[in-house]
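Sequences listed follow chains A and B, in order.
Using numbering that gives the first Met the number 0, the letters of the first sequence map in sequence onto residues 0 to 417.
Using numbering that gives the first Met the number 0, the letters of the second sequence map in sequence onto residues 0 to 298.
Cβ coordinates follow ideal geometry from the N, Cα and C atoms, glycine included.
Being a predicted model, the structure only gives us computed values, none of them experimental.
First comes the structure, then the notes that go with it.
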Amino acid sequence: MKPAFMWKLWLLLCVSVFALGGCAASSAVDQAKNENQNDSSSAGKEGDVVKVGILHSLSGTMAISEVSLRDAELMAIEEINASGGLLSKKIEPVVEDGASDWPTFAEKAKKLLQKDQVAAIFGGWTSASRKAMLPVVEQNNGLLWYPVQYEGMESSPNIFYTGATTNQQIVPAVSWLLKNRGKTFFLLGSDYVFPRTANKIIKAQLKAEGGQVVGEEYTPLGHTDYSTIISKIKQVKPAVVFNTLNGDSNVAFFKQLKDAGITPKDVTVMSVSIAEEEIRGIGPDVLAGHLAVWNYFQTTDTPENKAFVQKYKEKYGQDRVTDDPIEAAYTAVHLWAEAVKKAGSFDVDQVKKAAAGLEYKAPEGTVKIDGETQHLWKTVRIGEIQADGQFKELWNSGQPVKPDPYLKSYPWAKGLSE
Amino acid sequence: MAMFIDQLFNGLSVGSILLLIAIGLAITFGLMGVINMAHGELMMVGAYTTYVIQQWFTSHMPHSAGLYFVAAIPLSFLAAALLGWGLEKSLIRHLYRRPLDSLLATWGISLILQQTARLIFGAPNVAVVPPSWLDGGIRLFGTVFPYKRLFILCLVLAIVFFLYMYLMKTRAGRRIQAVTMNRSMAACLGIATQKVDAYSFAIGSGLAGVAGCALTLLGPIGPTIGTYYIVDAFMVVILGGVGKLAGTLLGAFGIGLISTFVEYSTSATIAKVIVFVLIIAFLQWKPSGLLSVRTRSLD
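Below you can see the structure in the form of structure tokens.
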């Protein structure tokens, strides 16, 4: 009698917890839906909506980074809806969880394109997730807006890349480090496609520009013990550690680096995946003094950015921060909307044609869609992490840099794209 | 030479962390035979308890905020132990001697606990700022020994010492041993085996909580923290020999030292593979692990 009762109690508990979880995950969508319904009923038209997909890891190891991109995209959609929608239609977001699992990204992208018939997908963070979605969007002639810096060597007719490619982030960072910090580089990355390709490029560039690689290490995603790698760093004493770790391995690496008594004065760590959002979760005190290279910081001084930061904080809380991928995700939605307006249609081919050469005043400054590669012209910025979790800009490229995903304009990069 | 000492210390330190995460499992899995897949999430409970206590200290007692860690160790033990006790009472006691069912059920629990943490604290990691008195390290033999790692080493040695004393020298501990060795005989002699089960499981869970608390010094604190360590924890207990605390100790420091030295001469990914291959090979040769229990009970 008693065990049976206990089982029922457990069952009840489990069901209620999962129901709660489900509610929380979809509450943002419900909210957006409700607003849509209210608005469309007031306009007196039923079903006048266009669906877009939002596909990020809301759980798993990448959730630390990707949840905020969803928030930024939902905010941009809300802004467009508030200003009267697109071609007199309201945008309805369909939010899916890629769960830090690449096959899931492919499945969900397929579901969004075939079942929900979305006009565009905004999503992805890791290159593995993008590579998983690429064949799906190409086969279904969909449109994917990918908002994160990546390793380059790719351009798909069905993807718009609103984050930096290598010549807008890694290549200028390496040149700057060679000029300002020293010649010896230690390369540390997570063991997957982005760090391996990035390091291949860095090695070629160092060889051409007189630098030297004194160590190269990769750790599995989610790795948490860096004591041996830190010993190796101590032994070879590089001028720079070029850090391409992704996700929460960074927390372990920086905490343990500080404990080993290595300060930014001893060795500069230059990161390409740590932005304001990640600094919150790692702790600014362990990161202060280290560098990162991006196209946008929360402290970037433009009128568009002031308004953007203020709106984001009003909507999601004063303790939230904006960062480069958040800005690129937000900009992606607006760029798509501009392209749709210019094309006068949601049709993928017409939107693509209209998007070529499109200029937009983003929070990071003016960006332009490069028609040939479907990447953006972006300004490069190097910043030093401060104790309050914000960046102090040390250097910027002055003007937007033309995207060059295959590094065709660099003689040392010959053969890398094969 | 400095390099060798450095690596030796790294190995001991990795071993102490492995021991810390495995010692709770050595009780629940080693002694009680419950395959508890939610063990990692009990660590997570300890880690988040530490975070909550830190938040409380910084807002209520900003002058002595650095002391939060002292309070966090026993409180994270209590939080995880209470949860473990509740789990044993409501679910796990119905699953003794049903290993596959317990595996599935506790795995479900681990997912529920992860999702609950995500609902309460959000999906991104939270920052636990280690107390300032653990910053820095001792300079010795041309290398730095971080206080945090020394602290963890001492903490785990203290835990092993007290656990040993508890199991060997106290009545309650001896009851646990008796139930482990021969449950029905122990019951015949008047030991309340159900009570002993609940207490043992609570102690094992509490130790997971302490592990979680200590891990806030080194790594990320997020809903998935448990998944990073659970495989290593099982690996240590199985290699050490199920049912033997001394085996767990040997297993942890053995894996710690070997993996550190292999990683030093190769890379992190390759070291993981080599260590796994070595363990598998070893278990082929000695299936019951480094040290095995000799028992007269008929299972």
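What residues in its chain sit with their C-beta under 6 Å from that of Trp101(A), if we drop five residues either side in the sequence? Same-chain partners within the cutoff: Ala127, Ser128, Ala131.
Mind pulling the chain B residues with CB within less than 7 Å of Glu216(A)? Within 7 Å Cβ-Cβ: Ser266, Ala267.
I need the DSSP call for Phe275(B), collapsed to helix, strand or coil. The answer is helix: DSSP assigns Phe275(B) an H, G or I state.
Using a C-beta cutoff of 9 Å, does Lys271(B) count as contacting chain A? For Lys271(B), the nearest CB of chain A lies under 9 Å from its own CB, placing it at the interface with that chain.
Considering only residues of the same chain and omitting the five flanking positions on each side of Asp387(A), which have a CB-CB separation below 8 Å? Cβ within range, chain order: Pro283.
Is the CB-CB distance between Arg279(A) and Ala238(A) below 9 Å? No, Cβ-Cβ distance for Arg279(A) and Ala238(A) is not below 9 Å.
With DSSP as the reference, label Thr223(A) as helix, strand or coil. Judged by DSSP in its simplified three-state form, Thr223(A) adopts coil rather than helix or strand.
Between the beta-carbon of Glu150(A) and the beta-carbon of Thr196(A), is there less than 9 Å? Taking 9 Å as the cut-off, the Cβ atoms of Glu150(A) and Thr196(A) count as close.
Starting from Asn124(B), find everything on chain A with Cβ-Cβ shorter than 8 Å and list it in chain order. Near Asn124(B) (Cβ distances below 8 Å), the residues of chain A are Ile63, Asp247, Val250, Gly280, Ile281.
For Met36(B) and Leu102(B), which I take to be in contact (beta-carbon distance under 8 Å), what is that distance rounded to the nearest angstrom? That pair is a contact at about 6 Å.
Hey, out of Phe281(B), Tyr227(B), Arg117(B), Val261(B), whose CA is closest to Gly39(B)'s CA? Cα-wise, what sits closest to Gly39(B) is Tyr227(B).
So that I know if they touch, is there some Cβ in chain B lying closer than 9 Å to that of Asp284(A)? It does; some Cβ of chain B falls within 9 Å.
Please check the pair Val44(B) and Thr259(B), which I expect to be a contact at CB under 8 Å, by giving their CB distance rounded to whole angstroms. Actually they do not touch by this definition, with Cβ atoms about 29 Å apart.
Using 8 Å as the threshold, is the stretch 4-22 of chain B in touch with the stretch 199-219 of chain B, meaning 3 or more CB pairs across them? Contact holds: three or more Cβ-Cβ distances are below 8 Å.
For Gln6(B), the first and last residue of its enclosing alpha helix (DSSP H): Segment 1-24, the alpha helix (DSSP H) holding Gln6(B).
Cβ of Met323(B) within 9 Å of any chain A Cβ: Past the boundaries of the shown model lies residue 323(B); chain B is included only from 0 to 298, so the question cannot be answered.
Alpha carbon to alpha carbon, what distance is there between Val170(A) and Pro134(A)? About 28 Å.
Within chain A, the residues that Tyr95(B) reaches when beta carbons sit closer than 9 Å: Proximity of chain A to Tyr95(B) at the Cβ level (cut-off 9 Å) is not reached, the minimal Cβ distance being about 12 Å.
Decide yes or no for the touch test of the stretch 242-251 of chain A against the stretch 177-192 of chain A: beta carbon pairs closer than 8 Å, at least 3 of them. In short, these stretches touch, since the Cβ pair count reaches three.
Excluding five sequence neighbours on each side, which residues of the same chain lie with their C-beta closer than 6 Å to the C-beta of Gly364(A)? So the list reads Thr301, Thr378, once near-sequence residues are dropped.
8 Å contact criterion, which Ile63(A) and Pro92(A) should meet: CB distance rounded: Not really, about 22 Å apart at Cβ, beyond 8 Å.
CB Ala197(B) to CB Thr227(A), shorter than 9 Å? No, Cβ-Cβ distance for Ala197(B) and Thr227(A) is not below 9 Å.
For the alpha helix (DSSP H) containing Ser174(A), list its first residue and its last residue. In the DSSP assignment, Ser174(A) falls within the unbroken alpha helix (DSSP H) covering 169-179.
Does any CB atom of chain A fall closer than 9 Å to the CB of Ile220(B)? The beta carbon of Ile220(B) falls within 9 Å of a beta carbon belonging to chain A, placing the residue at that interface.
Rounded to whole angstroms, what is the Cα-Cα separation between Gln448(A) and Glu392(A)? For chain A, the structure presents residues 0 to 417; residue 448(A) sits outside this window and is missing.
Hey, out of Leu205(A), Glu215(A), Leu176(A), whose CA is closest to Pro194(A)'s CA? Of the candidates Leu205(A), Glu215(A), Leu176(A), the residue whose Cα lies closest to the Cα of Pro194(A) is Glu215(A).
Would you please state the rounded distance, in angstroms, between the beta carbons of Val143(B) and Ala259(A)? I believe it to be under 8 Å. With a Cβ gap of about 6 Å, Val143(B) and Ala259(A) count as contacting.
Please return the same chain residues whose Cβ sits closer than 6 Å to the Cβ of Gln283(B), not counting the five positions on each side in sequence. Excluding its 5 nearest sequence neighbours in each direction, Gln283(B) has no C-beta neighbour in its own chain below 6 Å.
Given Thr183(A) as reference, the closest of Ser155(A), Val235(A), Met152(A) once Cα atoms are compared: Answer by Cα proximity: Val235(A).
Nearest-angstrom beta carbon gap, Arg380(A) and Phe296(A) [assumed within contact, 8 Å]: About 6 Å separates the CB atoms of Phe296(A) and Arg380(A); that is less than 8 Å, so the two are in contact.
Pick from Thr267(A), Val213(A), Ile79(A), Ala338(A) that is closest to Leu290(A), judged by C-alpha positions: Nearest C-alpha to Leu290(A) among Thr267(A), Val213(A), Ile79(A), Ala338(A): Thr267(A).
Could you compute how far the alpha carbon of Asp265(A) sits from the alpha carbon of Leu74(B)? Rounded to the nearest angstrom, the two C-alpha atoms are 38 Å apart.
How long is the line joining the alpha carbons of Trp335(A) and Val350(A), rounded to whole angstroms? Here the C-alpha atom of Trp335(A) lies approximately 8 Å from the C-alpha atom of Val350(A).
Would you mind stating whether Leu17(B) and Gly255(B) have Cβ atoms separated by less than 9 Å? Against a cut-off of 9 Å, the Cβ pair of Gly255(B) and Leu17(B) comes out as a contact.
Classify Val147(A): buried if its beta carbon has 16 or more other beta carbons within 10 angstroms, exposed otherwise. When all chains shown are included, Val147(A) counts as buried.
In three-state DSSP terms, what is Gly211(B)? Gly211(B): helix per DSSP, three-state reduction.
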